[in-house]
Amino acid sequence: MISDEARLLLDYLEVQLYDVKTKQDIPTSLANDVGFLQLDKTMKIIRAAVVELGNGNLSYQINGKGYVLGSLKSLQASLRNLTWKTKAIAAGDFSQSVHCLGDFSDSFNSMTKKLEISIHEIKEIQEHFEMIFDTIPDMTIISNIEDGTVSAYNQAFLETMKFTKEELENKTILITDYCNDLDEHARFIERLMKDSFIKNAEINFHGKSDQIITGLVSSRIIKIKGVPHTLSVIRDITELKVIEKKLRESEELHRLLADNAADVIWTMGLDGKFTYISPSVEKLRGYTVAEVLAQSPEEVLCPSSLIHLQKGLENASQLIQNNLPFKVFRGELEQPCKNGTTVWTEATVSGIYSEDGSFIGMLGVTRDISDRKIMEDEIVRLSVTDKLTQSYNRLKLDETMEEQIQLAKIATVPFSILILDIDHFKRVNDNYGHQVGDQVLVELVAILQNHVRSDDVVGRWGGEEFLIILPNTGLEGSVGLAEKLLSLVGANIFTRAGRVTISIGVAAYQGDLSQESIVSRADSALYLAKKNGRNRVEYLK
Amino acid sequence: MERKYEFSWDLLGDIEEGRPHMGNTTRVEVYRLMQFTFRDIIEKHVGWEKTNEIFYDAGQLAGKEFYFHMLEKTDDLNQFINQLQDVLKELGMGILRIEEADMEKGELTLTMSEDLDCSGLPETGYEICTYDEGFISALLESFAGIPFIVKEIDCWCTGDRTCRFSAKAKNEGNQSEK
Chain F
1 MISDEARLLL DYLEVQLYDV KTKQDIPTSL ANDVGFLQLD KTMKIIRAAV
51 VELGNGNLSY QINGKGYVLG SLKSLQASLR NLTWKTKAIA AGDFSQSVHC
101 LGDFSDSFNS MTKKLEISIH EIKEIQEHFE MIFDTIPDMT IISNIEDGTV
151 SAYNQAFLET MKFTKEELEN KTILITDYCN DLDEHARFIE RLMKDSFIKN
201 AEINFHGKSD QIITGLVSSR IIKIKGVPHT LSVIRDITEL KVIEKKLRES
251 EELHRLLADN AADVIWTMGL DGKFTYISPS VEKLRGYTVA EVLAQSPEEV
301 LCPSSLIHLQ KGLENASQLI QNNLPFKVFR GELEQPCKNG TTVWTEATVS
351 GIYSEDGSFI GMLGVTRDIS DRKIMEDEIV RLSVTDKLTQ SYNRLKLDET
401 MEEQIQLAKI ATVPFSILIL DIDHFKRVND NYGHQVGDQV LVELVAILQN
451 HVRSDDVVGR WGGEEFLIIL PNTGLEGSVG LAEKLLSLVG ANIFTRAGRV
501 TISIGVAAYQ GDLSQESIVS RADSALYLAK KNGRNRVEYL K
Chain S
1 MERKYEFSWD LLGDIEEGRP HMGNTTRVEV YRLMQFTFRD IIEKHVGWEK
51 TNEIFYDAGQ LAGKEFYFHM LEKTDDLNQF INQLQDVLKE LGMGILRIEE
101 ADMEKGELTL TMSEDLDCSG LPETGYEICT YDEGFISALL ESFAGIPFIV
151 KEIDCWCTGD RTCRFSAKAK NEGNQSEK
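One line per chain: the protein sequences are F and S, in this order. The opening position of the first sequence corresponds to residue 1 in the UniProt record's numbering, with each subsequent residue numbered one higher. The opening position of the second sequence corresponds to residue 1 in the UniProt record's numbering, with each subsequent residue numbered one higher.
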């Protein structure tokens with residue numbers, strides 16, 4: 001049992017300790033007790049300080065002395081020091097650590113260490129990002145979607161837009177100020193908002209000098225402090241566009257030239273397939289471009305020319321493989337035409353190389369040389385033809401005889417020659433004039449040519465003398481032919497001159513080392529025929 | 001006035017040479033024995049107030065020399081405090097903590113726990129760390145380049161568990177506070 005006074009005191013203390021409200025009067029008996037009043041004051045200070053500290057008010061001024069208050073102050077000092085350290089850490093001073101708060105100290109210090117590592121990593125990432133951002137060769141900007149404010153740009157942006165760093169420092173840059181078409185920009189943003197990412201959109205804008213810049217823009221939406229921004233990488237393709245335009249114009253020009261050229265212009269891969277051929281091919285060969293592009297090499301060239309192409313492709317492949325320059329080819333080729341004929345062409349083929357020096361293919365120009373070929377053949381023909389009689393001339397006879405001698409030497413193939421001379425031809429000239437004499441020569445040649453084999457060679461040996469080379473013919477066969485010709489000529493009525501006879505000397509190959517040898521024997525036989533009365537055939541065995 | 005013991009760091013002597021076996025540490029009691037016997041005799045000669053002044057000034061001289069010889073110069077407050085904390089702890093002088101620091105205003109609140117001078121002393125009802133006050137004021141002055149007035153507001157001797165100091169940069173307005 002306790003006294004009533006003690007009960008009042010206990011009630012008073014319970015209220016102070018347990019209740020929220022402390023409107024409880026000091027027991028009357030203690031109201032004037034100095035010691036109790038001092039104790040009551042300290043108790044109320046402790047109560048107030050605990051409440052404030054409990055509410056987080058660390059700046060609460062704790063007045064009063066004593067062990068409990070001192071400990072509260074110590075706790076307050078620790079918490080305030082913790083606050084100070086936390087602020088220091090927040091400001092980037094990670095050297096701060098706590099040592100007087102038991103397990104909390106370890107947790108706090110561990111957190112600080114982790115924070116330091118994380119901040120360090122973030123800084124490194126930021127530095128890397130900034131370095132990459134600034135060194136990207138293309139313009140790179142970050143701008144606010146809402147108002148278009150550019151919050152970051154790199155060196156390439158300054159260089160392309162022709163700004164100096166100082167000019168843009170501390171200035172608000174609005175991306176819309178540099179767009180050529182604001183509607184286009186609005187559509188771009190609208191599309192970006194919808195898709196979150198846009199790749200390679202072509203947009204025109206201008207820099208400081210108002211010069212139009214064409215950019216290939218790739219953008220992505222990013223959030224900075226919760227605000228949507230665009231991160232855009234813009235590749236300046238202004239020069240590329242100019243070059244592209246020039247190239248297109250140049251290509252059009254070249255195609256125009258190629259399409260309208262009389263010559264056939266073509267490109268071909270090392271596989272022998274055309275990659276381009278100008279329409280003039282149709283005029284040359286009768287095939288359309290599409291038909292030619294589908295043709296195999298065997299369909300493009302005649303067999304004798306195909307060998308050139310195959311060999312040329314083989315050589316070219318080897319040169320390219322060995323990094324050697326393509327050798328320009330120029331040659332005459334015979335090509336089949338749609339109508340079944342062939343056409344002779346001259347092709348000039350060179351290599352096509354890219355700017356970096358790598359081989360792309362072959363460029364060829366094919367020209368129709370049919371007329372030239374005819375002319376060349378005519379020149380050749382004229383060079384071996386006697387002008388008056390249109391039979392072969394001495395040059396052709398010499399060449400053919402030499403060939404036959406060589407052939408006979410190697411292959412022991414016999415051949416013979418006839419030398420024939422018009423009897424008393426001087427009389428014809430004297431009696432009828434040279435024109436009639438010439439006519440006799442022409443008509444004689446016609447008789448000879450009409451009655452020899454296709455591979456026999458009839459030529460004018462000189463004056464009224466003719467020589468016939470009979471390949472693969474022995475003495476017997478040649479004498480027989482000579483007799484036949486003698487008879488035919490003798491039976492012929494020459495224009496105005498009437499009857500004309502001839503004498504023939506025959507010689508067969510007898511291991512002669514030179515044409516002089518066989519000709520000499522034929523000449524001797526002819527002399528013998530003349531001597532024996534003319535209009536006859538003689539031969540020497 | 002003739003001076004025979006004007007302070008210089010050299011007066012601390014070559015302890016390594018002089019105390020090869022005892023080393024450079026002693027017990028806290030020895031330090032306090034010397035300080036409180038000094039305080040006793042000086043107080044008898046010049047009174048309590050003057051003694052406090054002498055201890056404050058002595059603390060300032062010590063703080064100035066301490067800063068010069070024991071700390072590396074820095075302009076960063078955090079670095080300065082970190083260094084000071086480490087050295088004070090290493091030398092067993094106490095655990096320094098900052099509660100508040102506003103160098104722009106020139107106001108700081110610091111605490112020194114387990115203080116060499118007073119922790120564990122009997123309650124006397126009045127603050128005793130005047131030497132610490134001078135010591136701290138000189139350290140702050142050496143760091144900031146402006147004088148500080150330091151006043152102990154809580155002390156073991158007044159019943160608190162940690163010594164709390166209030167430091168304010170000295171200007172014309174508060175010069176008289178010292």
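Glycine is no exception: its CB is placed at the ideal position from the N, C-alpha and C atoms.
In terms of Cα proximity to G56(F), the closest of T42(F), L75(F), Q211(F) is L75(F).
DSSP places I98(S) in the uninterrupted beta strand (DSSP E) bounded by 95–102.
Note that the C-beta distance between T342(F) and E334(F) is below 8 Å. Closer than 8 Å to the CB of T158(S) there is at least one CB belonging to chain F. By the C-beta density criterion, W266(F) is buried, having at least 16 other C-beta atoms within 10 angstroms.
Shown here, A144(S) sits in a helix according to DSSP, grouped into three states. Where N429(F) is concerned, the enclosing alpha helix (DSSP H) starts and stops at 425–432. Contact note: D154(S) reaches chain F through G70, K73, using a C-beta cutoff of 8 Å and chain order. Beta-bridge annotation (DSSP): G498(F) is paired with F494(F).
Listed along chain S, no residue sits closer than 8 Å to G56(F) by beta-carbon distance, the nearest being about 15 Å off.
Counting only residues of its own chain and dropping the five nearest sequence neighbours on each side, D134(F) has a CB closer than 6 Å to the CB of N154, Q155. For N81(F), the closest Cβ of chain S is nearer than 8 Å. Contact of Y67(F) with chain S is assigned, a C-beta pair being separated by under 8 Å. Annotation: Cβ neighbours of I98(S) in chain F (cutoff 7 Å, chain order): N81, W84. Cβ-Cβ separation between L192(F) and I221(F): approximately 6 Å, consistent with a contact (criterion under 8 Å). Of all C-beta pairs linking the segment 468–481 of chain F to the segment 406–425 of chain F, three or more are shorter than 8 Å, placing the two stretches in contact.
For L284(F), the enclosing alpha helix (DSSP H) covers residues 280–285. Among the residues facing chain F, I95(S) is included, as its CB has a counterpart in that chain under 8 Å away.
Residue contact with chain S for S105(F): absent (no Cβ-Cβ distance below 8 Å to any residue of chain S). Within chain S, the residues placing a beta-carbon under 7 Å from that of D93(F) are N78, ordered along the chain. The C-beta of A88(F) comes closer than 8 Å to at least one C-beta of chain S. Taking 8 Å as the upper bound for CB-CB distance, N535(F) and L467(F) are not in contact here, some 19 Å apart.
Counting only runs that start and end inside the segment 58–110 of chain F, the alpha helix (DSSP H) elements of at least 4 residues fall at 67–90. Contact annotation for T124(S) against chain F: no contact, minimum CB-CB distance about 11 Å [criterion: below 9 Å].
Between the alpha carbons of L139(S) and K87(F) lies a distance of about 23 Å. For a Cβ distance threshold of 8 Å, residue set K73, A77 of chain F lies close to R164(S), ordered along the chain. Three or more beta-carbon pairs separated by less than 8 Å link the segment 423–436 of chain F to the segment 494–512 of chain F, which places the two stretches in contact. With a threshold of 8 Å between beta carbons, C100(F) makes contact with chain S. Within chain F, no C-beta atom comes nearer than 7 Å to that of R39(S); the closest sits roughly 22 Å away. The DSSP-derived three-state label of G459(F) is strand. In the structure shown, D386(F) adopts coil according to DSSP, grouped into three states.
Counting only residues of its own chain and dropping the five nearest sequence neighbours on each side, D512(F) has a CB closer than 7 Å to the CB of I405, I518. Among the CB atoms of chain F, one or more fall inside 8 Å of the CB of A101(S). Interface criterion met: the Cβ of R161(S) is under 8 Å from a Cβ in chain F. Between the segment 156–166 of chain S and the segment 58–72 of chain F, the count of C-beta pairs closer than 8 Å reaches three or more; the two stretches touch. The way I'd put it, the segment 137–144 of chain F doesn't touch the segment 106–116 of chain F; fewer than three beta-carbon pairs between them come closer than 8 Å.
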